[in-house]
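Trainee: Okay, handing you the structure first.
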Ligand code: NAD
């Protein structure tokens with residue numbers, strides 16, 4: 016039987032709507048809108064597009080959007096001064112420094128300068144630590160979005176076998192932590208894992224966050240597995256076309272013959288990331304204003 020297609024685009028749209036409604040409630044209670052500041056250094060075209068769409072989504076969710084576009088040759092000191100100014104600004108609840116930064120800037124030290132209570136990307140070591148010991152903080156948007164899709168589809172994850180492929184700080188590791196916290200039995204697989212196909216075959220839940228086009232075929236999957244494909248890979252363009260097709264780390268069509276449910280690329284995990292960023296910003300606003308965060312978030 017063909018797998019259910021997990022519609023991340025629709026889920027993200029409904030999350031954005033809920034966040035927008037709740038942001039309007041926040042504004043009534045706090046006397047101000049939540050605010051998200053995005054800092055972009057340089058003119059990387061992909062980053063320009065991301066920052067533009069984050070700004071639009073922020074405004075559409077009844078929040079204020081502050082964009083800081085800095086030149087490519089911005090010094091670390093100047094960038095840190097912008098971050099400090101945003102840390103101190105009560106109108107700003109969330110701060111996001113768009114990555115990657117130009118090579119002369121050290122990403123870790125810039126992220127370390129963001130107030131952990133405004134770090135809505137969840138990349139600060141304090142927030143990684145909070146996640147690891149079970150304290151309230153901010154969880155990186157992409158894995159939290161994957162978790163929302165998984166619990167929406169499966170409900171209780173207790174005792175399920177989950178395999179996360181990829182161990183990055185922004186996707187694989189926090190994803191594995193969230194799954195452990197939800198009582199799944201978790202394996203983190205990576206580039207040095209032996210017999211990856213056999214490891215994946217055990218999984219009731221597969222989260223693929225590698226960055227290798229269509230690496231996971233149907234032979235790797237257990238019957239009925241739930242497959243979350245985080246990978247975004249552009250194939251070389253076909254003759255006569257300007258751009259290649261976007262595909263995930265999973266060979267969708269064949270995997271859908273075996274899986275119980277699967278996210279497409281595009282339209283699966285991707286749209287969740289911005290929706291969760293807005294959600295995290297609203298959570299930050301409630302906390303910063305000393306108000307109780309609504310449970311529905
Ligand atoms: P990364 O490059 O930091 O990490 C990739 C991981 O894959 C590494 O931990 C590595 O050990 C593992 N890996 C590499 N080759 C492997 C192999 N042959 N077998 C098993 N594991 C292997 O990447 P990342 O930032 O975690 O992103 C992963 C993918 O997810 C990328 O395609 C990226 O574009 C995509 N992504 C999507 C979103 C989204 O919003 N949908 C967000 C972040 C990342």
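In our numbering, the protein residues as written are 16 to 312.
Every residue, glycine too, gets a C-beta built ideally from N, C-alpha and C.
What's the call for residue 331, buried or exposed, on a 16-neighbour Cβ count within 10 Å?
Mentor: Outside the displayed span of the chain (16 to 312) sits residue 331, for which this structure offers no information.
Trainee: Measure the CB-CB distance between residue 101 and residue 107 and report whether it falls below 8 Å.
Mentor: For residue 101 and residue 107, yes; Cβs fall inside 8 Å.
Trainee: State whether the region 192-201 contacts the region 151-171, with contact taken as three or more CB pairs (one from each stretch) at a distance under 8 Å.
Mentor: Cβ pair count under 8 Å is three or more, so yes.
Trainee: Straight-line CA distance for residue 45 to residue 288?
Mentor: Each residue's alpha carbon lies about 26 Å from the other.
Trainee: Excluding five sequence neighbours on each side, which residues of the same chain lie with their C-beta closer than 6 Å to the C-beta of residue 308?
Mentor: The residues are 298 and 301.
Trainee: Kindly indicate which three-state DSSP category residue 242 falls into: helix, strand or coil?
Mentor: If DSSP states are grouped into helix, strand and coil, residue 242 belongs with the strands.
Trainee: By a C-beta neighbour count over all protein chains shown, 10 Å radius and 16 as the cutoff for buried, is residue 74 buried or exposed?
Mentor: It is exposed - the Cβ of residue 74 has fewer than 16 other Cβ atoms within 10 Å.
Trainee: Is residue 202 near the ligand ATP, going by C-beta to nearest heavy atom under 7 Å?
Mentor: For the ligand ATP, the structure offers nothing, since it holds only the ligand NAD.
Trainee: Checking the sheet assignment: what are the DSSP bridge partners for residue 324?
Mentor: Given a span of 16 to 312 for the chain in the structure shown, any question on residue 324 remains unanswerable.
Trainee: Closest to residue 50 by C-alpha separation, out of 19, 292, 312 and 310, would be which residue?
Mentor: For residue 50, the nearest C-alpha among the options comes from 292.
Trainee: For residue 111, does the three-state DSSP call read helix, strand or coil?
Mentor: DSSP places residue 111 in strand when its eight states are reduced to three.
Trainee: Report the residue from 305, 280 and 234 whose alpha carbon sits nearest the alpha carbon of residue 273.
Mentor: Out of 305, 280 and 234, 234 has the C-alpha closest to the C-alpha of residue 273.
Trainee: Which ranges would you report for the alpha helix (DSSP H) in the region 135-173 if only whole runs of at least 4 residues count?
Mentor: For the region 135-173, whole alpha helix (DSSP H) runs of length 4 or above, ordered along the chain, are 140-148 and 156-169.
Trainee: For residue 211 and residue 201, what's the separation of their Cα atoms in angstroms?
Mentor: Going from the Cα of residue 211 to the Cα of residue 201 covers about 14 Å.
Trainee: Say the cut is 7 Å; is the CB of residue 111 nearer than that to a heavy atom of the ligand NAD?
Mentor: Residue 111 Cβ: outside cutoff for every heavy atom of the ligand NAD.
Trainee: Keeping to the same chain, check which residues put their C-beta closer than 6 Å to that of residue 110; ignore five residues upstream and five downstream.
Mentor: So the qualifying residues of the chain are 52, 101, 129 and 133.
Trainee: The alpha helix (DSSP H) spanning residue 61 covers which residue range?
Mentor: Taken as a continuous stretch (DSSP letters only), the alpha helix (DSSP H) holding residue 61 covers 60-75.
Trainee: Considering only the beta carbon of each residue, do residue 219 and residue 284 sit closer than 8 Å?
Mentor: Not a contact, by the Cβ cut-off of 8 Å.
Trainee: Is the beta carbon of residue 222 less than 8 Å from the beta carbon of residue 215?
Mentor: Not closer than 8 Å, so no.
Trainee: Helix, strand or coil for residue 118? Go by DSSP, reduced to three states.
Mentor: In the structure shown, residue 118 sits in coil (DSSP, three-state: anything other than H, G, I, E or B).
Trainee: Take residue 17 as the anchor and find which of 104, 267, 306 and 263 has the nearest alpha-carbon.
Mentor: Cα-wise, what sits closest to residue 17 is 267.
Trainee: How would you write the range of the beta strand (DSSP E) that residue 179 sits in, first residue to last?
Mentor: Element bounds for residue 179: 176-180.
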